[in-house]
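Scroll down for the structure; my scribbles are underneath it.
Numbering (this note's numbering), first residue to last: -10 to 115.
Here it is as structure tokens:
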């Protein structure tokens, strides 16, 4: 599956389960191990774990399995590696500490997006 289509599919799943502040960052010009990062927040660690398990379950229906999963047990920051798309699910207070958007994308001009059809792909800012 094309990486952008995969990213949009995952974003749709996250939206359906009330993930918050979903951000898609295009990292193709900076790294060679992924095309996109998806970053989102959840209101509790149980919510982060539920989002992760839901994404894995739904993607497996499409015969897409993650290469790796980190952080599921604690639920503070969960990473799901789908090769070209890396999903970061944060418990909201932890997301503010790590501020991945500031490291990987320029959010100064980005509006918060609620629907995947309106989602902006952020270019990597060097």
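Idealized CB from N, CA, C, for every residue including glycine.
Exercise. Between which two residues does the beta strand (DSSP E) containing residue 13 stretch?
Worked result: Taking the chain shown and counting its residues from 1, one reaches residue 13 at position 24. Segment 9 to 15, the beta strand (DSSP E) holding residue 13.
For this session: Using three-state DSSP, classify residue 71 as helix, strand or coil.
Result: Here the question's residue 71 lines up with position 82 in the chain shown. Reduced to three states, the DSSP call for residue 71 is strand.
Exercise. What is the residue span of the alpha helix (DSSP H) that residue -6 lies within?
Worked result: Sequence index remark: in the chain shown, residue -6 carries index 5 (1-based). Element bounds for residue -6: -8 to 5.
For this session: Would you decide whether residue 46 is buried or exposed? Buried here means 16 or more other CB atoms lie within 10 Å of its CB.
Result: Along the chain shown, read from residue 1 onward, the residue named residue 46 stands at position 57. So residue 46 ends up on the exposed side.
Exercise. Can you list, in chain order, the residues of its chain whose CB lies under 8 Å from that of residue 71, leaving out five sequence neighbours each side?
Worked result: Counting from 1 along the chain shown, the entry for residue 71 is found at position 82. Once the five neighbours on either side are set aside, the close Cβ partners of residue 71 are -5, -1, 48, 53, 55, 56.
Exercise. Since residue 57 sits in a beta bridge, which residues does DSSP pair it with?
Worked result: In the chain shown, the residue the question calls residue 57 occupies position 68. Residue 57 pairs with 70.
Exercise. What residues in its chain sit with their C-beta under 7 Å from that of residue 5, if we drop five residues either side in the sequence?
Worked result: The count along the chain shown starts at 1 and reaches residue 5 at position 16. The answer is none, since no qualifying residue turns up.
Exercise. Based on Cα-Cα distance, which residue from 73, 28, 27, 3 lies nearest to residue 39?
Worked result: Taking the first residue of the chain shown as 1, we reach residue 39 at position 50. Measuring from the Cα of residue 39, the nearest candidate turns out to be 3.
Exercise. Between residue 41 and residue 68, is the Cβ-Cβ spacing less than 7 Å?
Worked result: Position 52 of the chain shown, counted from the start, is the residue given in the question as residue 41. Position 79 of the chain shown, counted from the start, is the residue given in the question as residue 68. Not closer than 7 Å, so no.
For this session: Can you grab the Cα-Cα spacing for the pair residue 33 / residue 12, in whole Å?
Result: For the purposes of this step, residue 33 is identified with residue 44 of the chain shown, where counting begins at 1. For the purposes of this step, residue 12 is identified with residue 23 of the chain shown, where counting begins at 1. Approximately 18 Å between the Cα atoms of the pair.
Problem set entry | Option nearest residue 36 by Cα separation, candidates 22, 9, 20 | Here residue 36 refers to the residue found at position 47 when the chain shown is read from its first residue. Among 22, 9, 20, the Cα nearest to that of residue 36 is on 9.
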